[in-house]
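Residues in the sequence shown are numbered consecutively from 1, following full-length UniProt numbering.
Ideal placement from N, C-alpha and C gives every residue a C-beta, glycine not left out.
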Amino acid sequence: MDRCAARDELQSALSEIKSLIEFKVRENNGAGEYLLESTELKSLAELKAELSNAMDLSKRLESEKTHAEKDLVEYKKSSKEKLRILARELEKLEERFKNMEEQNSHLWDQIRQLNAQLNISQAHDTADTEQLRHEKCIAVNRANIIEGEYLRLKSQFDAVTETLKETKSQMEAEKHKTEVSMVPAAKHEEILRNLNAATDSNTILMQERDYLFGQVMTLQVCVENLEAEITPLEEKNRDLTTKMDLVYTENIRLKQESTRWKGLVNRLVEEINRTSEDWKKSFAVEQEKIVKLSDGNNALTKNIPKLEPLNTQNGDQNEEIRSLKEQVAAVQNELKKLTERFVQRDKDNKASTVKVNSTVRSDNKRLASIKESSDRTCDNSVNKTQGYNARKNSFSKPTPNTSVLHISPPKSSPRIVVDAEKKETKDNFLPKKKDTGSDQNPSEMPGPKQKKTENNKSGTGQRRRKTWASSGTPQFLY
Numbered sequence: 001m002d003r004c005a006a007r008d009e010l011q012s013a014l015s016e017i018k019s020l021i022e023f024k025v026r027e028n029n030g031a032g033e034y035l036l037e038s039t040e041l042k043s044l045a046e047l048k049a050e051l052s053n054a055m056d057l058s059k060r061l062e063s064e065k066t067h068a069e070k071d072l073v074e075y076k077k078s079s080k081e082k083l084r085i086l087a088r089e090l091e092k093l094e095e096r097f098k099n100m101e102e103q104n105s106h107l108w109d110q111i112r113q114l115n116a117q118l119n120i121s122q123a124h125d126t127a128d129t130e131q132l133r134h135e136k137c138i139a140v141n142r143a144n145i146i147e148g149e150y151l152r153l154k155s156q157f158d159a160v161t162e163t164l165k166e167t168k169s170q171m172e173a174e175k176h177k178t179e180v181s182m183v184p185a186a187k188h189e190e191i192l193r194n195l196n197a198a199t200d201s202n203t204i205l206m207q208e209r210d211y212l213f214g215q216v217m218t219l220q221v222c223v224e225n226l227e228a229e230i231t232p233l234e235e236k237n238r239d240l241t242t243k244m245d246l247v248y249t250e251n252i253r254l255k256q257e258s259t260r261w262k263g264l265v266n267r268l269v270e271e272i273n274r275t276s277e278d279w280k281k282s283f284a285v286e287q288e289k290i291v292k293l294s295d296g297n298n299a300l301t302k303n304i305p306k307l308e309p310l311n312t313q314n315g316d317q318n319e320e321i322r323s324l325k326e327q328v329a330a331v332q333n334e335l336k337k338l339t340e341r342f343v344q345r346d347k348d349n350k351a352s353t354v355k356v357n358s359t360v361r362s363d364n365k366r367l368a369s370i371k372e373s374s375d376r377t378c379d380n381s382v383n384k385t386q387g388y389n390a391r392k393n394s395f396s397k398p399t400p401n402t403s404v405l406h407i408s409p410p411k412s413s414p415r416i417v418v419d420a421e422k423k424e425t426k427d428n429f430l431p432k433k434k435d436t437g438s439d440q441n442p443s444e445m446p447g448p449k450q451k452k453t454e455n456n457k458s459g460t461g462q463r464r465r466k467t468w469a470s471s472g473t474p475q476f477l478y
């Protein structure tokens with residue numbers, strides 16, 4: 001509204017200027033030139049003020065125009081960049097679709113090869129080919145589904161390309177519309193002359209700017225919609241690529257299985273050929289064997305009456321063998337029982353030996369203590385005898401009859417009693433020996449000489465003997 005008011009003011013000012021100029025021309029030849037100079041000067045001052053206002057408005061409008069042009073340039077740059085990005089994405093999509101077409105053609109070739117191989121393998125084995133047919137149908141259906149998806153994506157791609165072409169054409173048309181010649185404003189007279197054209201062009205540019213802003217918004221909405229449509233298309237394309245990879249792997253697996261089945265069929269054919277030849281040879285050999293066996297059977301039928309007495313002998317021998325086996329089993333049972341008894345007795349003997357060893361150890365300890373006490377008593381007696389002999393020698397010389405003195409311990413010495421108890425315990429635990437002709441009464445305690453002879457015979461008992469080799473010392477026997 002401000003611009004329209006300024007435009008109206010400019011138009012009114014111009015009309016007034018024209019009227020004043022005409023009035024001036026008419027009044028030039030008149031007589032009131034002097035009077036009108038003051039009014040003209042006032043009007044000129046007013047016109048100068050109005051012109052300065054108009055110049056300010058034109059400058060402001062030019063600045064707005066430059067801003068609008070800058071915005072248009074930036075929008076053109078951004079739109080060009082978006083178009084480049086879209087073109088790149090279109091090229092990528094075209095490359096992907098080309099790859100899809102190549103993969104699809106490759107898959108169709110593989111399916112055709114599989115069909116040919118399956119037709120060849122059908123003649124060899126029908127039972128094994130049913131599964132391959134089923135898998136082939138699945139692969140064909142998947143390929144048809146993939147082809148339908150491909151056609152749908154291709155149609156969507158064509159629609160996107162058409163929309164891009166339309167946007168390009170619209171951008172070019174808008175570019176042609178926005179190319180406006182710049183109005184030079186070097187001189188004041190030219191500005192006044194072309195002010196109406198500038199205002200008109202300014203209004204047109206404002207309208208075009210509004211229109212372009214609307215177009216920009218619509219294009220942005222279209223671009224956003226296209227981007228929103230491109231993202232699911234890319235996801236679908238990825239899904240299709242994964243499906244194509246799966247189909248490719250399945251085709252490779254089918255190829256491997258077909259090669260495996262081919263190898264199996266070839267091996268089976270070779271084995272059948274080999275077995276047919278081997279079977280013929282074995283059949284001839286078997287026929288020869290059958291002839292030989294028939295001859296041997298005839299000979300055996302002739303020898304059957306000769307074998308009857310041998311069969312009777314064989315039956316008797318079998319009965320004897322059975323009786324011997326029964327006897328052997330009975331003997332084995334008895335041996336098992338004896339071994340069990342032997343093991344039990346061995347365990348009992350081990351337990352008894354352990355008990356005997358414990359009693360023997362305790363007896364040995366007692367004997368050691370008794371020996372120590374007897375040794376002490378013997379030492380005391382020896383010391384006493386030495387003192388007695390020394391005192392005796394001091395009073396009188398020894399005679400030849402008293403050079404050696406035998407001292408025997410009493411019958412009730414503790415050493416002899418302990419030895420007798422030890423022997424009795426050993427006799428109770430150890431097995432009895434045969435009598436050598438000398439019966440001994442167990443109630444009578446043997447004397448020292450008898451005990452010495454018995455220990456010398458058996459080799460178990462030993463006496464301690466202390467002798468003095470000197471002529472003046474006696475010998476003691478224990």
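message: Applying the 10 Å Cβ sphere with the 16-neighbour rule, what's the burial state of Leu226?
response: Stepping through the sequence shown from its first residue, residue 226 is reached at position 226. Buried: at least 16 other Cβ atoms inside 10 Å.
field: Counted within 10 angstroms of its Cβ, other Cβ atoms place Met217 as buried (16 or more) or exposed
entry: Taking the first residue of the sequence shown as 1, we reach residue 217 at position 217. Burial call: exposed.
query: Could you give the distance in angstroms between the alpha-carbon of Gln332 and the alpha-carbon of Glu326?
result: Here residue 332 refers to the residue found at position 332 of the sequence shown. Here residue 326 refers to the residue found at position 326 of the sequence shown. Spanning the two alpha carbons is a distance of roughly 10 Å.
task: Could you tell me whether the segment 139-158 touches the segment 101-120, using the rule of 3 or more Cβ pairs below 8 Å?
output: yes
task: May I ask whether a heavy atom of the ligand GTP can be found less than 6 Å away from the beta carbon of Ala351?
output: No copy of the ligand GTP appears in this structure; indeed no ligand is present at all.
- prompt: Just checking my contact of Leu83 with Lys154 at CB under 8 Å: how many whole Å lie between their CB atoms?
  reply: Residue 83 sits at position 83 when you count from the first residue of the sequence shown. Residue 154 sits at position 154 when you count from the first residue of the sequence shown. The Cβ separation is near 22 Å, so there is no contact.
message: Given a cut-off of 7 Å on the beta-carbon distance, is the pair Ser258 and Gln117 in contact?
response: Against the sequence shown, residue 258 aligns to sequence position 258. Against the sequence shown, residue 117 aligns to sequence position 117. Yes, these two residues count as a Cβ contact at 7 Å.
- request: Take Arg260 and list the residues in its own chain whose beta-carbon comes closer than 6 Å to its own, dropping the five residues that flank it on each side.
  value: Translated into the one-based positions of the sequence shown, residue 260 becomes position 260. Excluding sequence neighbours, Arg260 sits near nothing in its chain.
- request: Check each candidate in Leu47, Val356, Arg209 and name the one with the smallest Cα separation from Val73.
  value: Within the sequence shown, the letter at position 73 stands for residue 73. Nearest option by C-alpha distance: Arg209.
query: If we call anything under 7 Å between Cβ atoms a contact, is Leu233 one with Glu149?
result: Indexing the sequence shown from 1 puts residue 233 at position 233. Indexing the sequence shown from 1 puts residue 149 at position 149. Not closer than 7 Å, so no.
task: Write down the C-beta distance between Leu205 and Lys65 rounded to the nearest angstrom, noting that I regard them as a contact closer than 8 Å.
output: Locating residue 205 in the sequence shown gives position 205, where the first residue counts as 1. Locating residue 65 in the sequence shown gives position 65, where the first residue counts as 1. Contact holds; Cβ gap of about 6 Å.
field: Backbone CA spacing between Glu271 and Lys262 [nearest angstrom]
entry: Counted from its first residue, the sequence shown places residue 271 at position 271. Counted from its first residue, the sequence shown places residue 262 at position 262. Using only the alpha carbons, I get a separation of about 14 Å.
query: Do you know how far the Cα of Ile111 is from the Cα of Leu86?
result: Along the sequence shown, one-based indexing puts residue 86 at 86. Along the sequence shown, one-based indexing puts residue 111 at 111. One C-alpha to the other measures close to 36 Å.
field: Identity of the residue in Asp375, Leu90, Lys365, Lys48 nearest Thr161 by Cα
entry: Against the sequence shown, residue 161 aligns to sequence position 161. Checked all of Asp375, Leu90, Lys365, Lys48; the closest Cα to Thr161 is Leu90.
message: For Ala197 and Leu51, I'd like the C-alpha separation in whole angstroms.
response: What you label residue 197 is simply residue 197 of the sequence shown in a count that begins at 1. What you label residue 51 is simply residue 51 of the sequence shown in a count that begins at 1. The straight-line gap from Cα to Cα measures roughly 16 Å.
query: Thinking just about the alpha-carbon of each residue, which of Ser282, Asn298, Lys255, Arg60 is nearest to the one in Asn115?
result: If you number the sequence shown from 1, residue 115 lands on position 115. Answer by Cα proximity: Lys255.
- prompt: Just how far apart, CA to CA, sit Leu293 and Lys337?
  reply: By one-based count along the sequence shown, residue 293 stands at place 293. By one-based count along the sequence shown, residue 337 stands at place 337. Rounded to the nearest angstrom, the two C-alpha atoms are 54 Å apart.
field: Nearest-angstrom Cα separation, counted from Ile145 out to His176
entry: Numbered from 1 along the sequence shown, position 176 holds the residue referred to as residue 176. Numbered from 1 along the sequence shown, position 145 holds the residue referred to as residue 145. Distance between the alpha carbons of His176 and Ile145 is about 47 Å.
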